[in-house]
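Reviewing the structure listed below.
Number of protein chains: 2
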Amino acid sequence: MPRAGLTPERVVEAAAELADEIGLDQVTVSAVARGFGVKDASLYAHVRGLSDLRSRLATASAAAFADRINTALAGRSGHEALAAFAQAYRTFAVHHPGRYAATQLALPAETLEASPGHRRLVELTYALFLGYDLAEPDRTDAVRLLRSTLHGFAALEAAGGFGAPRDLDASWARMIEALHALLTRWPPAPPSATLSP
Amino acid sequence: MPRAGLTPERVVEAAAELADEIGLDQVTVSAVARGFGVKDASLYAHVRGLSDLRSRLATASAAAFADRINTALAGRSGHEALAAFAQAYRTFAVHHPGRYAATQLALPAETLEASPGHRRLVELTYALFLGYDLAEPDRTDAVRLLRSTLHGFAALEAAGGFGAPRDLDASWARMIEALHALLTRWPPAPPSATLSP
DNA sequence: ATGAATTGCCTAGGAGTCCTAGGAAAGATT
DNA sequence: AATCTTTCCTAGGACTCCTAGGCAATTCAT
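Same order as they appear, the protein sequences are chains A and B.
Numbers given in this note's numbering equal positions in the first sequence, counted from 1, plus 13.
Numbers given in this note's numbering equal positions in the second sequence, counted from 1, plus 13.
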């Protein structure tokens, strides 16, 4: 009875590869076990269960994602930084759809705070905005706009939601240019109604 | 043995309500059957199976969604139309998270083309852009930007992805204003490298 | 080197899910 | 009233998650 050499790390790594191949929600304890040529019950010695596996997959994927973003951002600022960020973002989402989906899993707040990858992603995103002259709360609004657009595009692309014949790469490039233009000329807040009696 | 009065429509309606309550991916044939006080096998007389149920739920939800958008858009154009569209979009996504998620399910192309709701959503989105002076391919790029932003925000909000204390309604309003500004002054395409030898 | 302790993977089994096949009863039709 | 159709049932197979307890492979202590 030879051993497969399972560890929590290898189980999570296998789950990550499986997620990229067959989709995150097709990743089951049984399927990962099959990949090791092992019975499903054997995995429970290394991982508490499916939700634990998904949670570990989420933090591992976020760390990998943050790494790519970090590398892309190194030494760049302003428009260059935004373009590199967006490029790295979409590349990761396209090449690692399962891992990308895992980074978007809704986790308990304390798990999220204990995940270096997730924290780093937030830091890197805000660092990107040092290149734009935005004060709070405009900065947070702008961050939310950028995050929404990048994630929305990735989600729609993954779901095959873009039907028009127009090339996706070209659309993506133009969108990023447009966002850059918007961030450099963020419209001022309209006068608040409560201040004019 | 009294009958529950099942029809495909009522099954789909029950599935839609369940999806809004417990989440789309918690909707199972068994759970819907339980809601009717009926065995799971009984549903297979009305729906071919889980994937058929999800497909029907997607088209029904898209129709409902298109209805709200349509109502919001009636008689409006330009900035007003965009604001009403965005408002209706987010309201639906927040109040009907399961149905909204169903509208984003990846369906086979022929199913999508046969779904009036999905078609109507595309039409309404392009109608919105009559108020902006954009020629192809810029229009498609702009449509993709808007769709990405709206869907991304809805997805991140549903997943609890916005941690900052800043009010979500306020961010949403500012984002829509910013997008309006962007659409009215869409940056021109950069000179193509292939045209300058 | 040999016995003990630990660790890794196993079998067995319960509960829930999707789905099929065939049976019985409620309601509609003639 | 008799027949037919529709609706819902029971029974059961395959797959999932997960627990409990057992045997074997490895490591550790003597």
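Every residue gets a Cβ at the ideal spot worked out from N, C-alpha and C, and that includes glycine.
Which class does residue i belong to by DSSP, given the choice of helix, strand or coil?
i	result
B/Leu120	coil
B/Gly130	helix
A/Glu11	Nothing about residue 11 of chain A can be read from this structure; chain A reaches only from 14 to 210.
B/Ala17	coil
A/His92	helix
B/Asp180	coil
B/Tyr113	helix
A/Thr41	coil
B/Arg61	coil
A/Ala27	helix
B/Val51	coil
B/Trp185	helix
B/Gly36	coil
B/Gly173	coil
B/Arg157	helix
Under the rule that 16 or more other beta-carbon atoms within 10 Å means buried, what is residue i, buried or exposed?
i	result
B/Leu118	buried
A/His108	exposed
B/Tyr102	buried
B/Tyr145	buried
A/Arg16	exposed
B/Tyr57	exposed
A/Tyr139	exposed
A/Thr20	exposed
B/Glu34	exposed
A/Thr104	exposed
B/Thr84	exposed
B/Leu143	exposed
Does any CB atom of chain A fall closer than 8 angstroms to the CB of residue i?
i	result
B/Arg133	no
B/Asp182	no
B/Thr104	no
B/Pro150	yes
B/Asp146	no
B/Gly173	yes
B/Leu66	no
B/Glu22	no
B/Phe142	no
B/Ala44	no
B/Leu158	yes
B/Thr153	yes
B/Gly88	no
B/Arg61	no
B/Arg187	yes
Is there a C-beta anywhere in chain B that falls below 8 angstroms from the one on residue i?
i	result
A/Glu34	no
A/Arg179	yes
A/Ala69	This sequence places Arg at residue 69 of chain A; Ala is not what is there. Cβ-Cβ to chain B under 8 angstroms: no for A/Arg69.
A/Thr162	yes
A/Phe166	yes
A/Leu19	no
A/Thr138	no
A/Ala194	yes
A/Pro200	yes
A/Ser209	Because A/Ser209 carries a pLDDT of 43, less than 50, the predicted location of this residue cannot be relied on, and no value is offered for it.
A/Ala47	Looking at the sequence provided, one finds Arg at residue 47 of chain A rather than Ala. With 8 angstroms as the cut-off, A/Arg47 does not count as an interface residue toward chain B.
A/Ala191	yes
A/Ser95	Note on residue identity: the sequence assigns Leu, not Ser, to residue 95 of chain A. It does not: the Cβ of A/Leu95 has no partner Cβ on chain B nearer than 8 angstroms.
Tell me whether residue i, by its Cβ, gets closer than 7 angstroms to a heavy atom of the ligand ADP.
i	result
B/Arg16	The model depicted lacks the ligand ADP and carries no ligand whatsoever.
* Asked: Can you list, in chain order, the residues of the segment 108-119 of chain B whose Cβ is nearer than 8 angstroms to any Cβ on chain A?
  -> Gln117, Leu118, Ala119
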